[in-house]
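Undergrad:
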Amino acid sequence: MNPKVSSTTSTASASKPKEYFYFLDALRGIAALWVVLFHAPLDERIALLTSSLPHWLVVGVFEWGGLGVAIFFVLSGFVIAHSLREAKIDLSYFGRFSLRRLARLTPPYYVSIVVALAFAFLSSHVKGEAFAPGKEPLSFPRLLTHLFYLQDIFRLPQINEVYWTLCIEVQFYLIFCALLGLAQWLNSSWNLRYARSVVFVPAAVLAALFPIGLLGDNSRPFFFLPLWYGFLLGVFAYWSWRDKLKPILFYSYSALLLAAGVVKSTQFTIGCVIVAVLILEVARANRMQVWLKWRGLQFLGHISYSLYLTHSAIYGAAFFLGIKLLHNSAFSQGFSLLLGIIASVGFAALMWELVEKPSINLSQKVKLVKKKGVIRV
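If you're matching positions, the sequence shown starts at 145 in the working numbering and goes up one per residue.
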């Protein structure tokens with residue numbers, strides 16, 4: 145789930161060419177599709193199919209699909225750090241940044257809530273069951289908290305299971321921008337040369353305590369801290385690339401987290417480290433605008449946010465129809481799996497055109513003043 149953030153580099157001069165990180169968009173598309181495949185086997189929907197496939201293939205394609213979220217978190221850190229690289233953050237800037245991010249994220253999110261509720265109602269009618277989106281009755285407090293990305297904070301069930309990551313992502317954005325603003329304030333007000341280290345070293349240490357196991361580690365936290373390290377790995381990878389952080393420090397932090405992931409057999413932690421190191425090395429090799437610049441992957445990257453938000457309902461409905469039309473078998477499950485993926489991608493493409501593009505245009509009306517000119521987030 146990762147709401148897409150523009151990977152275009154802003155410039156002070158109109159004549160300076162822009163660069164686009166095609167590699168990141170490809171990773172975003174891969175992550176979204178992997179999450180779709182991760183949810184495909186839920187409720188034993190493709191048990192006959194997976195039992196006929198090699199175990200290594202089932203593990204890599206379906207069971208590890210949750211690592212798509214790890215990709216999203218690291219990508220978010222890298223790209224938000226890139227977006228704020230020249231920003232002079234104060235309270236006014238923080239407010240505009242928050243407004244801009246919410247203007248970009250919220251319209252598709254709200255539409256996906258409507259889609260989830262509509263398909264949940266349709267499913268309850270077809271199956272003769274009570275209307276219970278997310279397997280829980282819908283209440284006003286539950287709906288209201290969803291509108292403000294607060295359902296996890298108030299421990300209310302998700303209408304759509306994928307929304308938990310979006311709630312965490314919003315916290316990542318706001319906390320990082322606030323901490324970066326704090327570092328700038330310490331530097332300007334107190335002439336603190338190492339203000340960024342003063343702010344982010346404790347943040348990194350605190351974040352590492354969760355995967356290490358010194359603080360409670362929950363793979364589905366209700367607030368950002370237990371998974372903060374994934375976002376920070378993306379930030380630190382970007383800063384290392386732009387010479388704002390010594391690479392040895394990034395790799396030391398990565399090695400610590402990797403060791404913790406191996407010792408505790410935490411695939412999510414290992415995945416975050418691998419993705420962060422991969423992105424940094426591709427950037428250092430000057431291949432961000434070249435690698436994975438394939439039309440199909442770029443298409444998936446563009447629609448990845450819509451695909452992530454809506455695939456559960458669309459895939460579920462398409463798969464249900466496929467099984468109804470054919471006798472339940474490994475073949476019919478494979479056909480229905482493909483049908484569900486095609487339907488999910490098609491719906492996401494439609495949503496990209498009708499909802500996401502207008503939300504991007506809306507967000508760009510909120511101008512973010514930087515040291516020189518305007519920065520686009």
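Don't be surprised by glycine CBs; every beta carbon is placed ideally from N, CA and C.
Here's a check: name, in chain order, each residue in its chain whose Cβ is nearer than 7 Å to the Cβ of residue 500, leaving out the five neighbours to either side.
TA: 252, 449 and 450
Undergrad: Report all residues from its chain with a CB closer than 7 Å to the CB of residue 504; omit the five preceding and five following residues, and keep chain order.
TA: 248
Undergrad: What is the rounded straight-line gap between the Cα of residue 150 and the Cα of residue 168?
TA: Residue confidence is low: residue 150 scores 47 on pLDDT, short of 50, so the model does not pin down where it sits. Its coordinate-derived value is still stated next. Computed Cα separation, rounded: 10 Å.
Undergrad: The alpha helix (DSSP H) spanning residue 499 covers which residue range?
TA: From DSSP, residue 499 is part of no alpha helix (DSSP H); its letter is neither H nor E.
Undergrad: Does DSSP classify residue 338 as helix, strand or coil?
TA: coil
Undergrad: So which of 346, 228, 232 and 209 has the shortest CA-CA distance to residue 245?
TA: Among 346, 228, 232 and 209, the Cα nearest to that of residue 245 belongs to 228.
Undergrad: Report yes or no: do the region 295-311 and the region 365-377 share at least 3 C-beta pairs separated by less than 8 Å?
TA: Between the region 295-311 and the region 365-377, the count of Cβ pairs shorter than 8 Å is three or higher; the stretches touch.
Undergrad: Taking 6 Å as the limit between beta carbons, can you name the residues of its chain near residue 336, skipping five residues before and five after?
TA: 330
Undergrad: So, with DSSP's three-state summary, where would you put residue 293?
TA: coil
Undergrad: Could you compute how far the alpha carbon of residue 440 sits from the alpha carbon of residue 334?
TA: 50 Å
Undergrad: Does the separation of the CB atoms of residue 179 and residue 209 fall below 7 Å?
TA: yes
Undergrad: Assuming the contact rule is C-beta atoms closer than 8 Å, residue 377 and residue 416 should be a hit. Round their C-beta distance to whole Å, please.
TA: Yes, they are in contact, since the Cβ atoms of residue 377 and residue 416 sit about 5 Å apart, within 8 Å.
Undergrad: Taking buried to mean at least 16 other C-beta atoms within 10 Å of its own C-beta, is residue 471 buried or exposed?
TA: exposed
Undergrad: Within 10 angstroms of its Cβ, does residue 304 collect 16 or more other Cβ (buried), or is it exposed?
TA: buried
Undergrad: Judging by CA-CA distance, which residue of 343, 355 and 375 is the nearest neighbour of residue 226?
TA: 375
Undergrad: Going by DSSP in three states, residue 508 sits in which element: helix, strand or coil?
TA: coil
Undergrad: To which residues of the same chain is residue 317 closer than 7 Å at the C-beta, ignoring the five residues directly before and after it?
TA: The beta carbon of residue 317 is closer than 7 Å to those of 224 and 245 in its chain, skipping five residues each way along the sequence.
Undergrad: State the start and end residues of the unbroken alpha helix (DSSP H) segment that holds residue 194.
TA: 191-195
Undergrad: May I ask you to report which of helix, strand or coil DSSP gives residue 251?
TA: helix
Undergrad: Count the C-beta pairs between the region 231-238 and the region 380-392 that are closer than 8 Å, then say yes if the count reaches three, no if not.
TA: no
Undergrad: Ignoring anything shorter than 4 residues, give me the alpha helix (DSSP H) runs that lie fully in the region 346-413, in order along the chain.
TA: 372-385 and 391-407
Undergrad: If you follow the alpha helix (DSSP H) that residue 303 is part of, which residue opens it and which one closes it?
TA: Residue 303 -> no alpha helix (DSSP H), and no H or E assigned at all.
Undergrad: Out of curiosity, what's the CA-to-CA distance linking residue 512 and residue 479?
TA: 48 Å
Undergrad: Which whole-angstrom value is the C-beta distance of residue 323 and residue 292, which I expect to be below 8 Å?
TA: Contact between residue 323 and residue 292 does not hold, since their C-beta atoms are separated by about 22 Å, which reaches or exceeds 8 Å.
Undergrad: When you compare only the Cα positions, how much space is there between residue 492 and residue 462?
TA: 14 Å
Undergrad: Classify residue 507 as buried or exposed, calling it buried when 16 or more other Cβ atoms lie within 10 Å of its own Cβ.
TA: buried
Undergrad: Identify which residue in 307, 342, 425 and 255 has its Cα closest to the Cα of residue 278.
TA: 307
Undergrad: Compare the beta carbon distance of residue 381 and residue 222 with 7 Å and say whether it is the shorter of the two.
TA: yes
Undergrad: Determine, using beta-carbon pairs with one atom in the region 210-218 and one in the region 178-198, whether at least three such pairs fall under 8 Å.
TA: yes
Undergrad: Note down the Cα distance separating residue 482 from residue 171, rounded to an integer number of angstroms.
TA: 21 Å
Undergrad: With H, G and I counted as helix, E and B as strand and the rest as coil, what does DSSP make of residue 158?
TA: Since pLDDT at residue 158 reaches only 36, below the 50 mark, its modelled position is unreliable, and no value is offered.
Undergrad: Pick out whichever of 484, 485 and 466 has its Cα sitting closest to the Cα of residue 476.
TA: 466
Undergrad: In whole angstroms, what separates the C-alpha of residue 397 from that of residue 312?
TA: 22 Å
Undergrad: Where does residue 485 land, buried or exposed, given buried means 16+ other C-beta within 10 angstroms?
TA: buried
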